[in-house]
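Just so you know, the sequences run in chain order L and R. Residue numbering for the first sequence follows the numbering used here, beginning at 1226 and increasing consecutively. Residue numbering for the second sequence follows the numbering used here, beginning at 43 and increasing consecutively. Worksheet: one structure, shown below.
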Amino acid sequence: MNEGVCRMKWFALRPVLAAAAGLVLLLGLLPRLAPELRAARPQAPASTPDLTGIWSPPRTPKGFLPYNFSPEAPPPMQLWAAKRCELVGCGTGPLGRANDDNMDPYLTSCAPYGIPRLMNHVGPFEILQGKNRVLMLFETGNAMRQIWMDGRGHPEDLDPSWMGHAIGHWEGATLVVDTIGLTDKSWLDTAGHPHSDALHVVERIRRVDHDTLENTLTFDDPKTYTKPWTSTIIYKLRPDWSLKEDIACEDKILMDLKAKKAKVYPFQPYPMNFPVEAIPLPDVANAK
Amino acid sequence: MKRKALAIFLIVFGCGSVSTAVFAHHGASRWDTDAWGTITGTVKEFDWQNPHPLLLLDVKNDKGDVETWAVEFHPPNVMSRGVGWNHSTFKPGDQVTIYGHPEKKSVPIVNGMKSLRPVKVTMPGGQVVTVDPPGY
């Protein structure tokens, strides 16, 4: 190999190198010039606000945020609702929970939290934005909420459900979600406020800053409340979190499976681990 | 375990400064949050389950008899994010000390097992972990 050949080769390659460098530069700049070309993830178009991420209420010195959609004063309740709230002890338990948690459908019967209770709970939820839907995946009970964004309305004569029927649209940077069709078996919140199947929830969800989501909920339920009322909840972005499995009443399930072990798991080749003891609720109500 | 198990200290202080009651599944009113107690014992079983991980701890009482205590923690996902626990955090035979609130005297003992609402735990390795509030 002599020097002349090397120099010649270098000269010959120069246009190729220049072209390669140009290509690298172009590829590097392209995403900045055209953000839509970066759309590797199935997200909403760049023109709609991005609410995606995992969110949960912040912790305060006293614990998690309130559990109670009406922490300052009782909401404007109809007589029956006020009576039930008095019996439950709405918001008078620790951290704004109901005082008598034996009346909580989740704690007594493994009932789903449902909407709107899930929107005011310690468990994180993830927002995913698709073309025609915004999805909310809740860790608590691993529940899923779909918000239709394709302009459809609510169906006639909805079957009551725990998550309800939700339709949404954008008003500027705010996601407006309209939910009806909610079962009256769920609690409105962990404070124990009741609601009927006439409950109509309107949520206005917006990103206050990069790490903060604000949800202002309006509850309109004339069977339960004398007038519509609102509540504002804050969620913080949890960039390092991922949603985990959360099985309601797993302890009760394991006890039940343990009792049916021989029937459910025949030919099991290795010993199965089950909790040794069920820990039933103590009779606190009758304790002095 | 030849190690002589430590006695149970149930020390009642008049102050009630801890307000981070959570354990609502089994009734927040079950616990005497004005009182503090410490138990040290040997892990009999650790059940990593929703809604509350359950630790069964064999503790010698002051008469030398072994009693099994049932200690429940915040939900698995909270303990996982807050203090990094998982299903193998405790193994049978581990020595553990729990510092927390005892049950009210008026609350009936469940399944013959006493309980404590844990606030701090001395782990098998000796480090002390605050489990209430659980860190996030």
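The beta carbon of each residue, even a glycine, is placed where N, CA and C say it ideally should be.
What in chain R is Cβ-close to residue i, meaning under 8 angstroms?
| i | result |
| --- | --- |
| proline 1500 of chain L | Glu87, Asp89, Gln91 and Leu96 |
| tryptophan 1466 of chain L | Arg123 |
Roughly how many angstroms separate the alpha carbons of residue i and residue j, rounded to a whole number?
| i | j | result |
| --- | --- | --- |
| methionine 165 of chain R | aspartate 100 of chain R | 15 angstroms |
| proline 1337 of chain L | aspartate 1375 of chain L | 27 angstroms |
| alanine 1306 of chain L | threonine 1399 of chain L | 32 angstroms |
| tryptophan 1454 of chain L | lysine 156 of chain R | 45 angstroms |
| aspartate 1471 of chain L | threonine 1277 of chain L | 21 angstroms |
| histidine 1394 of chain L | proline 1300 of chain L | 27 angstroms |
| lysine 1308 of chain L | valine 1359 of chain L | 37 angstroms |
| serine 130 of chain R | threonine 1333 of chain L | 29 angstroms |
| methionine 1369 of chain L | glycine 83 of chain R | 42 angstroms |
| aspartate 1436 of chain L | lysine 1461 of chain L | 6 angstroms |
| leucine 1479 of chain L | threonine 1451 of chain L | 44 angstroms |
| leucine 1407 of chain L | tryptophan 1387 of chain L | 6 angstroms |
| proline 160 of chain R | phenylalanine 88 of chain R | 15 angstroms |
| glutamine 1303 of chain L | lysine 1448 of chain L | 7 angstroms |
| threonine 110 of chain R | arginine 1432 of chain L | 50 angstroms |
| leucine 1362 of chain L | proline 1274 of chain L | 18 angstroms |
| glutamate 1261 of chain L | asparagine 1357 of chain L | No answer about glutamate 1261 of chain L holds up, because its pLDDT of 46 lies below 50 and its placement is not dependable. |
| aspartate 174 of chain R | valine 125 of chain R | 10 angstroms |
| isoleucine 81 of chain R | tyrosine 141 of chain R | 7 angstroms |
| lysine 1469 of chain L | methionine 1328 of chain L | 27 angstroms |
| serine 1295 of chain L | arginine 1322 of chain L | 11 angstroms |
| proline 1349 of chain L | valine 1313 of chain L | 26 angstroms |
| proline 1256 of chain L | glycine 1355 of chain L | Residue placement at proline 1256 of chain L is flagged as unreliable, the pLDDT there being 47, under the threshold of 50; the coordinate-derived value follows with that caveat. Rounded to the nearest angstrom, the two C-alpha atoms are 21 angstroms apart. |
| methionine 1344 of chain L | asparagine 1367 of chain L | 13 angstroms |
| tryptophan 1466 of chain L | isoleucine 1279 of chain L | 7 angstroms |
| aspartate 1382 of chain L | proline 1319 of chain L | 39 angstroms |
| glutamine 169 of chain R | proline 144 of chain R | 22 angstroms |
| serine 1421 of chain L | proline 1496 of chain L | 48 angstroms |
| phenylalanine 1492 of chain L | tryptophan 90 of chain R | 25 angstroms |
| valine 1427 of chain L | valine 163 of chain R | 44 angstroms |
| valine 120 of chain R | glycine 1378 of chain L | 38 angstroms |
| aspartate 1403 of chain L | alanine 77 of chain R | 48 angstroms |
| threonine 172 of chain R | aspartate 1409 of chain L | 39 angstroms |
| lysine 146 of chain R | arginine 72 of chain R | 6 angstroms |
| arginine 45 of chain R | glutamate 1351 of chain L | Only weak support is given to the placement of arginine 45 of chain R: the predicted model assigns it a pLDDT of 44, under 50, and the value that follows is read from those uncertain coordinates. Between arginine 45 of chain R and glutamate 1351 of chain L, the C-alpha separation is close to 48 angstroms. |
| valine 1401 of chain L | phenylalanine 115 of chain R | 38 angstroms |
Residues of chain R with CB closer than 9 angstroms to the CB of residue i, please, in chain order.
| i | result |
| --- | --- |
| leucine 1479 of chain L | Asp89 and Gln91 |
| glutamate 1475 of chain L | Gln91, Asn92, Pro93 and Pro118 |
So who's on the other strand from residue i, going by DSSP bridges?
| i | result |
| --- | --- |
| glutamine 1371 of chain L | L:Leu1360 |
| lysine 1461 of chain L | L:Ser1281 and L:Thr1437 |
| isoleucine 140 of chain R | R:Ile81 and R:Val163 |
| aspartate 89 of chain R | R:Leu96 |
| glycine 1393 of chain L | L:Val1402 |
| threonine 110 of chain R | R:Asp100 |
| glutamate 1381 of chain L | Answer by DSSP bridge pairing: none, since glutamate 1381 of chain L is not bridged. |
| methionine 1302 of chain L | L:Tyr1450 |
Closer than 7 angstroms by beta-carbon distance: list the chain R residues that pair up with residue i, in chain order.
| i | result |
| --- | --- |
| glutamate 1311 of chain L | Those within 7 angstroms of glutamate 1311 of chain L in chain R number zero; the least Cβ separation is about 17 angstroms. |
| aspartate 1471 of chain L | Asn92 and Asn119 |
Report yes or no: is there a C-beta of chain A within less than 7 angstroms of the C-beta of residue i?
| i | result |
| --- | --- |
| glycine 1389 of chain L | Note that chain A does not occur in the displayed structure, where the protein chains are L and R. |
### Task
Tell me the start and end of each unbroken beta strand (DSSP E) in the region 1408-1446 of chain L that is at least 3 residues and wholly inside, in chain order.
1425-1434 and 1437-1445
### Task
For the region 112-143 of chain R, enumerate the residues whose C-beta is nearer than 9 angstroms to any C-beta of chain L, in chain order.
Ala112, Glu114, Pro117, Pro118, Asn119, Val120, Ser122 and Arg123
### Query
Of all the beta strand (DSSP E) runs that stay within the bounds of the region 1318-1356 of chain L, which reach a length of 3 or more residues?
1350-1354
#### Entry: Residues of the region 1344-1368 of chain L whose Cβ lies closer than 7 angstroms to any Cβ of chain R, in chain order
Glu1364
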